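Down below is the structure, laid out as structure tokens.
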Amino acid sequence: MERPRHQGMAKNTYMRWRLPLVCLLWEVAMIVLFGVFVRFGAEADAHWEEEKREMNMTSDIENDFYFRYPSFQDVHVMIFVGFGFLMTFLKRYGFGAVGFNFLLAAFGIQWALLMQGWFHSFKDGKILIGVENLINADFCVGSVCIAFGAILGKTSPIQLLVMTLFQVTLFSVNEYILLNLLHVKDAGGSMTIHTFGAYFGLTVTRILYRPNLEQSKDKQGSVYHSDLFAMIGTLYLWMYWPSFNSAISDHGDAQHRSAINTYCSLAACVLTTMAFSSMLQKKGKLDMVHVQNATLAGGVAVGTSAEMMLTPYGSLIVGSISGIVSTVGYVYFTPFLESRLHIQDTCGIHNLHAMPGLIGGIVGAITAAAATEDVYGKEGFIKVFDFTGVYQMRTPSIQGGFQAAGIVVSLLMAFAGGAIVGGILKLPIWGDAAAENCFEDDVYWEVPEDEESDVYHMHNPDKPASP
Amino acid sequence: MERPRHQGMAKNTYMRWRLPLVCLLWEVAMIVLFGVFVRFGAEADAHWEEEKREMNMTSDIENDFYFRYPSFQDVHVMIFVGFGFLMTFLKRYGFGAVGFNFLLAAFGIQWALLMQGWFHSFKDGKILIGVENLINADFCVGSVCIAFGAILGKTSPIQLLVMTLFQVTLFSVNEYILLNLLHVKDAGGSMTIHTFGAYFGLTVTRILYRPNLEQSKDKQGSVYHSDLFAMIGTLYLWMYWPSFNSAISDHGDAQHRSAINTYCSLAACVLTTMAFSSMLQKKGKLDMVHVQNATLAGGVAVGTSAEMMLTPYGSLIVGSISGIVSTVGYVYFTPFLESRLHIQDTCGIHNLHAMPGLIGGIVGAITAAAATEDVYGKEGFIKVFDFTGVYQMRTPSIQGGFQAAGIVVSLLMAFAGGAIVGGILKLPIWGDAAAENCFEDDVYWEVPEDEESDVYHMHNPDKPASP
Amino acid sequence: MERPRHQGMAKNTYMRWRLPLVCLLWEVAMIVLFGVFVRFGAEADAHWEEEKREMNMTSDIENDFYFRYPSFQDVHVMIFVGFGFLMTFLKRYGFGAVGFNFLLAAFGIQWALLMQGWFHSFKDGKILIGVENLINADFCVGSVCIAFGAILGKTSPIQLLVMTLFQVTLFSVNEYILLNLLHVKDAGGSMTIHTFGAYFGLTVTRILYRPNLEQSKDKQGSVYHSDLFAMIGTLYLWMYWPSFNSAISDHGDAQHRSAINTYCSLAACVLTTMAFSSMLQKKGKLDMVHVQNATLAGGVAVGTSAEMMLTPYGSLIVGSISGIVSTVGYVYFTPFLESRLHIQDTCGIHNLHAMPGLIGGIVGAITAAAATEDVYGKEGFIKVFDFTGVYQMRTPSIQGGFQAAGIVVSLLMAFAGGAIVGGILKLPIWGDAAAENCFEDDVYWEVPEDEESDVYHMHNPDKPASP
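Protein chains in written order, with the working numbering: chain A, 1 to 467; chain B, 1 to 467; chain C, 1 to 467.
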């Protein structure tokens, strides 16, 4: 069934040998590296009975698994269903949204287990993994899903796999600099995940600028049902964000507090998003783009500070502001970025992740700088900021300064990394589609015949029904 | 794109200034009140290390967070995805169903944290919150989501926010009377959430009776895909109901037992629902309305008694009966309520929440009255019914009487409150739509152009395709 | 609205009395049997306070509920949303997929609580249940959901209920033989759930072979949106599979390890599935059938070995292989099975459950046979394989032999049981549809009028719009 729009294809999007080759090559590499390096950590190893005695634990319930596994599963849902379905809003790119997200995340978590393992869980030549490593791998891949949002619909699956390889690597380096060298706190990843991921993706999409993208403009919108699919993604991200921000916090009060702060911030964010969505539209109607995205900014914006004593009202303030900033971003910044800066940001990650991520970094720096022993308690103060060992002389204001430095480092890494990776992805060997075939599943996916032609002709009433 | 049906609009549904004003006013009030009143409870505060020693806990795993957080997340999904998607069954009101549910719930949980906090977690001038407060706030908002089901498609978002404000307030008062004054047990909220929420909503929709609603009759049905979206809501409510009924029960056996009872009741309910759905239809076919709703009645109907020694077979009996009552309700009562009592119940909450809620209250009263030290054990008897302090002389039969009184109080609060709030919502200032525009997203939402006109014309083949 | 395709109906699919009768009969039997046999286990009973002291537990957190409840809820989602939505890929069978799955699973879990209870939790004439029984009941029903995949769209709801009754019974017998008589390890059910369930279902569909099934060929495909609904099922199965394989493992390291192994296997499986999906298609495009199904083979294939010291790289290898086998199966084996062996396998369970289940059994046998005290530790070795009591003299190689025997027993039970049950289902009394009405919700469900005719005529442009 040859259709006219395919005749204009100048680019070779044939994936038959390239995609399998890359997938299999990547996977073989993973198997070899896992074979050499990855083993079970003490709490997942069959030697645990002996270990348990040594660690003076009386019950299996004290295994880290029970502290973190429920949160891990929530984070897992956010990465695969949350990000995957959030991006199904496009009328003809649902397979690509959820399918490519699946592909890149499944590869990315393997590579992240290795990269983060070398930096953080390396002992006697082996990477020892447990449930916390799984969460961190998901987090790392979250930053790739964010970047994917900027280039959604414009790249081939191979480009996504190549980008994942590099971005996971850079993420891990940046994370190491922040957490280990700067001794910065960022449990919910405002800086490491959102700021880094978003500016990385925006830089990549800038490099990959497509001047003729208006040729596929009719496919850049949503249809009624695709907006409902996207709301599945939105709600799972929104509901489970308290788990995201608390998943790797310290046991006990820190996890508890992170969840409460995030819950409050997100609730406030919904109200200001709805308010500004209606206010900024001439007819006063609500816009699903804002509801799907800006309502989540509150989770991003307390990513760094959620485990600190931000307090519930502080969270409401941060959430309120981030909802406003994000919605205003969709109305005014996104068109500006595209027309003036040539940054084509399909999902508007600048509004959902970049700006709220910066807010999150700044709020974290301020909250850290404002910490006192009175508010945290003597022990809590040391525990929350980990002011032990070589860091025991750190004061809150110095910590605040380092937190701020973390933002700057993340931005620099994102711009530099994004530029390099964007350059690599610009090579004409990866099989991306021509501008007029962007945002179209038919390029890389077997699409059911009937529906395809129906919808196609439905949206193109000037075309004949049976070619 | 002006379309004929809009020309008949007599009412002003322009939201541009009213909705933002209400949202922002509400949110600023929340920030101020949270700033004055809300702080972290002991188990979420950074002073936890000291607290832990005082409470004689040896491990962080004994923090209430780990007892309740998984259940909290399940309840959270029920409120936002469960109720939200359950109501997407209407062919043209999916955005409103899931979007307005999102809006009112996000506001409601903030106000509920305050209202319930003043009643139950107030200490030295502060409300001290933890994960249990989050669950209770979600529960409270659940009753608003139920009431929303009755008026779905017929109210403006402002009306919903106003209703939420009042209903959360009344819910908290009613809950205080039941739990604290009558010392009633109702962990799964058969009375406080379902009976109260449903009769409140039914009273509101009675006051807001629209005589010309048949003008939008073509939009009151479902389409094939919208029924599948609704099944997402149904299944998440069904699957997570064991968490709902066990979320705030006592640690240990009570949570365990609540989950088992609810699991059994819901399983039985599915079979009797399917049986009666087929039996009551002339052609013997199954009706998605019943499958989407009546299958859940079993969860409602064990809400009060799930943490008691209802036993698995008792649960099967209660679930079976409630499935039958609910299905029969959809077939016979809902048309009767509309034609005779002028109660227009969009989602049939009378069948899903009101009647099963009453059953739940009654079953709870009977189960409590039938309790013996033999069945519960000496300690269990005291612990389950909290027969301590001033209540240590209560006998099971007296407790049963108080449980019954709780039903009556909930009903009275619902009718009185619903009448007052309905009267307020009837004021002509809130921007609700005319009868012919009910059940139509286009009134308050930006709807994708293409699909809208397609679907519109698809369902109205007599209208020209390009106006 | 009589439509031509219905005129050809030779079979009586009228359900009005038969379906209600079976449902109500089944449910009454459950109530009676639960009344006679089922009681709360010690950890869910109100006597727990006394029990706790006897078991020397200091905290309620050591109640088995907190070890397993989060995993239980994940498994519950897999059974009802996972399997239910995975099967909604058919364009006109979404109601049947999700609705009948709901029905059979809700009945099956009740019967499974009894059957498994008699075998494993029977004490002093009573079945004592707790959260682990709920998980096992869900597991058992999982095998019925698998078999349902083979006959999807071709059977009446009564046939499904009859099949569930028998299959749950046979499952429990087979499970008893494997776990208790052969002392085989199979926590994730590669043999008991997947191998047994799949070959049982394939045998049933063989017996029910329909020579004229190409008459409904136009309905055996998917449409764009139905493929996205199916992806909801896929992703929930994929994400929660670590919970599936770890849900009933021993507390502590075993649950921890199972989750990690499964996570790794599934990640690898996605890459090889995508690779082979593209490679085996002439145009090199990805096929949603493979992405929806073969990506899950990695979870099936580590079902037996996940709790053993398979190690992360071992998991990657197993996952990689199973993704390849499964995808190749969809491309080559399924057409072969249908044309040569007359096995009409609607969902391709041979590729997703049967072959990966066999792989899982074999990998489990090898992993067990290769176990050493060095790798597991002295205590871990005994604990993982439960080499206590009469089994304390078992060696790894003997255990490997018994594991292999478990595969054979499961296969024999599946073939024999499937043949008998298939024969019963072939009786002409159950109300299944004629070949031309297979894969069509309209037979057993009230389907919304508008959409139905629209879609019908949309896909059949040669038919007139208003008959």
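Glycine included, each C-beta is placed from N, C-alpha and C at the ideal position.
If you're wondering where the values come from, they're calculated on a predicted model, not measured in any experiment.
Review point. Where does C/R39 fall in DSSP's three states?
Key: Taking the third sequence and counting its residues from 1, the one referred to as residue 39 of chain C is at position 39. In this structure, C/R39 counts as strand in the three-state DSSP scheme.
Practice item. Specify, as a first and last residue, the run of the alpha helix (DSSP H) that B/I359 falls within. Key: In the second sequence, the residue the question calls residue 359 of chain B occupies position 359. 355 to 369 is the extent of the alpha helix (DSSP H) around B/I359.
Review point. Since B/W430 sits in a beta bridge, which residues does DSSP pair it with?
Key: On the second sequence, residue 430 of chain B is found 430 positions in, with the first residue counted as 1. According to DSSP, B/W430 bridges with nothing at all.
Review point. Which value, in whole angstroms, describes the spacing of the CA atoms of B/M113 and C/L271?
Key: Walking along the second sequence from the start, residue 113 of chain B turns up at place 113. Walking along the third sequence from the start, residue 271 of chain C turns up at place 271. The identity of residue 113 of chain B in the sequence shown is Leu, whereas the question assumes Met. Looking at the two C-alpha atoms, the distance is approximately 46 Å.
Practice item. Using the Cα positions of C/P448 and C/R92, report the straight-line distance between them to the nearest angstrom. Key: Taking the third sequence and counting its residues from 1, the one referred to as residue 448 of chain C is at position 448. Taking the third sequence and counting its residues from 1, the one referred to as residue 92 of chain C is at position 92. The alpha-carbon atoms of C/P448 and C/R92 are separated by roughly 12 Å.
Point to revise | Same chain only: Cβ atoms within 8 Å of B/F229, ignoring 5 sequence neighbours per side | key: In the second sequence, residue 229 of chain B corresponds to position 229, counting from 1. So the qualifying residues of the chain are F85, T88, F89, G94.
Review point. What number of angstroms, rounded off, separates the C-alpha of B/K282 from the C-alpha of C/R18?
Key: The residue given as residue 282 of chain B occupies position 282 in the second sequence. The residue given as residue 18 of chain C occupies position 18 in the third sequence. Computed Cα separation, rounded: 13 Å.
Check your understanding: So, is C/H342 buried or exposed, given that buried needs 16 or more other C-beta atoms within 10 angstroms?
Key -> Translated into positions along the third sequence, residue 342 of chain C becomes position 342. The residue in question, C/H342, is exposed, as its Cβ has fewer than 16 Cβ neighbours within 10 Å.
**Study point:** Contact residues within the segment 46 to 71 of chain C, judged by C-beta distance below 7 Å to chain A
**Key:** I61, E62, Y66, F67, P70
Practice item. Taking only the alpha-carbon atoms, compute the straight-line gap between C/R3 and B/A150 and give it to the nearest angstrom. Key: By 1-based counting over the third sequence, the position of residue 3 of chain C is 3. By 1-based counting over the second sequence, the position of residue 150 of chain B is 150. Residue placement at C/R3 cannot be trusted, given a pLDDT of 43 that sits under 50; the coordinates are not used to answer.
Review point. In or out: A/M9 buried (at least 16 other Cβ within 10 Å) or exposed?
Key: Here residue 9 of chain A is taken as the residue at index 9 of the first sequence, counted from 1. For A/M9, the pLDDT reaches just 46, beneath the cut-off of 50, and the residue's location in the model is therefore unreliable, although a value from the coordinates is still provided. With fewer than 16 other Cβ atoms within 10 Å, it is exposed.
Review point. Taking 8 Å as the CB-CB limit, is A/H457 close to chain B?
Key: Taking the first sequence and counting its residues from 1, the one referred to as residue 457 of chain A is at position 457. The predicted position of A/H457 is uncertain, since its pLDDT is 39 and thus under 50; a value taken from the coordinates is nonetheless stated next. Proximity of A/H457 to chain B, defined by a Cβ-Cβ separation below 8 Å, is not satisfied.
Practice item. Report buried or exposed for B/N460, applying the criterion of at least 16 other Cβ atoms within 10 angstroms of its Cβ. Key: Taking the first residue of the second sequence as 1, we reach residue 460 of chain B at position 460. Confidence at B/N460 is low in this model, with a pLDDT of 39, below 50, so its placement is unreliable and no value can be given for it.
Check your understanding: Taking just the CA atoms, how far does B/A294 sit from B/I321?
Key -> For the purposes of this step, residue 321 of chain B is identified with residue 321 of the second sequence, where counting begins at 1. For the purposes of this step, residue 294 of chain B is identified with residue 294 of the second sequence, where counting begins at 1. Near 11 Å, if we compare the C-alpha coordinates of B/A294 and B/I321.
Exercise for review: Classify A/K154 as helix, strand or coil using the three-state DSSP reduction.
Suggested key: The residue labelled residue 154 of chain A in the question sits at position 154 within the first sequence. Correct three-state label for A/K154: coil.
Review point. Where are the alpha helix (DSSP H) runs, 4 residues long or more, that stay fully inside the segment 93 to 173 of chain B, in chain order?
Key: 94 to 120, 131 to 151
Practice item. Note down, in chain order, every chain A residue with its Cβ under 9 Å from the Cβ of C/M309. Key: Counting from 1 along the third sequence, the entry for residue 309 of chain C is found at position 309. In chain order: F40, D45, A46.
Exercise for review: Taking B/V38 and A/Y263 to be in contact with their CB atoms under 8 Å, please state how far apart those CB atoms are, rounded to whole angstroms.
Suggested key: Counted from its first residue, the second sequence places residue 38 of chain B at position 38. Counted from its first residue, the first sequence places residue 263 of chain A at position 263. Between A/Y263 and B/V38 the Cβ distance is about 12 Å, and since that is not below 8 Å, they are no contact.
Practice item. Answer yes if the segment 187 to 204 of chain B comes into contact with the segment 352 to 363 of chain B, meaning at least three C-beta pairs across the two stretches below 8 Å, and no otherwise. Key: yes
Check your understanding: Is the segment 135 to 152 of chain B close to the segment 75 to 85 of chain B, with three or more CB pairs under 8 Å?
Key -> yes
Review point. Tell me which same chain residues have a C-beta within less than 6 Å of the C-beta of C/M288, skipping the five on either side of it?
Key: Along the third sequence, read from residue 1 onward, the residue named residue 288 of chain C stands at position 288. Apart from sequence neighbours up to five positions away, the residues of its chain that approach C/M288 with a beta-carbon distance below 6 Å are D227, ordered along the chain.
Practice item. Take the Cβ of C/Y224 as the centre, count every other Cβ of all protein chains shown within 10 Å, and call the residue buried at 16 or more, exposed below. Key: Taking the first residue of the third sequence as position 1, residue 224 of chain C is located at position 224. With a threshold of 16 other beta carbon atoms within 10 Å, C/Y224 meets it and is buried.
Review point. Going by the beta-carbon positions, is the gap between A/T203 and A/S410 smaller than 8 Å?
Key: Residue 203 of chain A sits at position 203 when you count from the first residue of the first sequence. Residue 410 of chain A sits at position 410 when you count from the first residue of the first sequence. If you check the CB distance, A/T203 and A/S410 do not come in under 8 Å.
Review point. When DSSP labels each residue in this structure, what does C/L178 get in the three-state scheme?
Key: In the third sequence, counting from the first residue as 1, residue 178 of chain C sits at position 178. In the structure shown, C/L178 sits in a helix (DSSP, three-state: H, G or I).
**Study point:** Cross-chain neighbours of C/P335 in chain A, by beta carbon under 9 Å
**Key:** For this step, residue 335 of chain C is matched to residue 335 along the third sequence. The premise fails here: C/P335 is roughly 16 Å from chain A at the closest Cβ pair, so nothing lies under 9 Å.
Exercise for review: Can you tell me which of the three DSSP states A/P467 falls into?
Suggested key: The residue labelled residue 467 of chain A in the question sits at position 467 within the first sequence. Any reading at A/P467 must be qualified, since the residue scores a pLDDT of 34, below 50, and its modelled position is unreliable; the value itself is stated next. DSSP places A/P467 in coil when its eight states are reduced to three.
Check your understanding: Is A/T334 closer than 8 Å to A/S156 when the C-beta atoms are compared?
Key -> Taking the first residue of the first sequence as 1, we reach residue 156 of chain A at position 156. Taking the first residue of the first sequence as 1, we reach residue 334 of chain A at position 334. It is not a contact, given that the beta carbons lie outside the stated cut-off.
Exercise for review: Excluding the 5 residues preceding and the 5 following B/Q215 in the sequence, name in chain order all residues of the same chain whose CB lies nearer than 7 Å to its CB.
Suggested key: Your numbering for residue 215 of chain B matches position 215 in the second sequence. Answer for B/Q215: A435, E436, listed in chain order.
Check your understanding: According to DSSP, is C/S305 helix, strand or coil?
Key -> For the purposes of this step, residue 305 of chain C is taken as the residue at position 305 of the third sequence. C/S305 falls in the coil class under three-state DSSP.
Review point. If you compare alpha carbons, which of B/M393, B/V302, B/Y330 is closest to B/I366?
Key: Along the second sequence, read from residue 1 onward, the residue named residue 366 of chain B stands at position 366. Taking only the C-alpha atoms, the option nearest B/I366 is B/V302.
Check your understanding: C/G476 to C/L358, Cα distance in whole Å?
Key -> Past the edges of chain C, shown from 1 to 467, lies residue 476 of chain C, and the structure says nothing about it.
Exercise for review: Examine chain A for any beta-carbon lying closer than 8 Å to the beta-carbon of C/A275, and answer yes or no.
Suggested key: Counted from its first residue, the third sequence places residue 275 of chain C at position 275. Judged by the 8 Å Cβ criterion, C/A275 is in contact with chain A.
Review point. Are B/A369 and B/Q399 touching if we call contact CB-CB under 8 Å?
Key: Within the second sequence, numbered from 1, the residue matching residue 369 of chain B stands at position 369. Within the second sequence, numbered from 1, the residue matching residue 399 of chain B stands at position 399. Taking 8 Å as the Cβ cut-off, B/A369 and B/Q399 qualify as a contacting pair.
Point to revise | Extent of the continuous alpha helix (DSSP H) run through A/A46 | key: The residue given as residue 46 of chain A occupies position 46 in the first sequence. Where A/A46 is concerned, there is no enclosing alpha helix (DSSP H), given that its DSSP letter is neither H nor E.
Practice item. Given a cut-off of 8 Å, decide if A/E51 and C/L286 are closer than it, judged by their beta-carbon atoms. Key: Indexing the third sequence from 1 puts residue 286 of chain C at position 286. Indexing the first sequence from 1 puts residue 51 of chain A at position 51. The answer is no: Cβ separation not under 8 Å.
**Study point:** Beta carbon of C/V22 nearer than 8 Å to that of C/I158
**Key:** For the purposes of this step, residue 22 of chain C is taken as residue 22 along the third sequence, with counting starting at 1. For the purposes of this step, residue 158 of chain C is taken as residue 158 along the third sequence, with counting starting at 1. A contact, by the Cβ cut-off of 8 Å.
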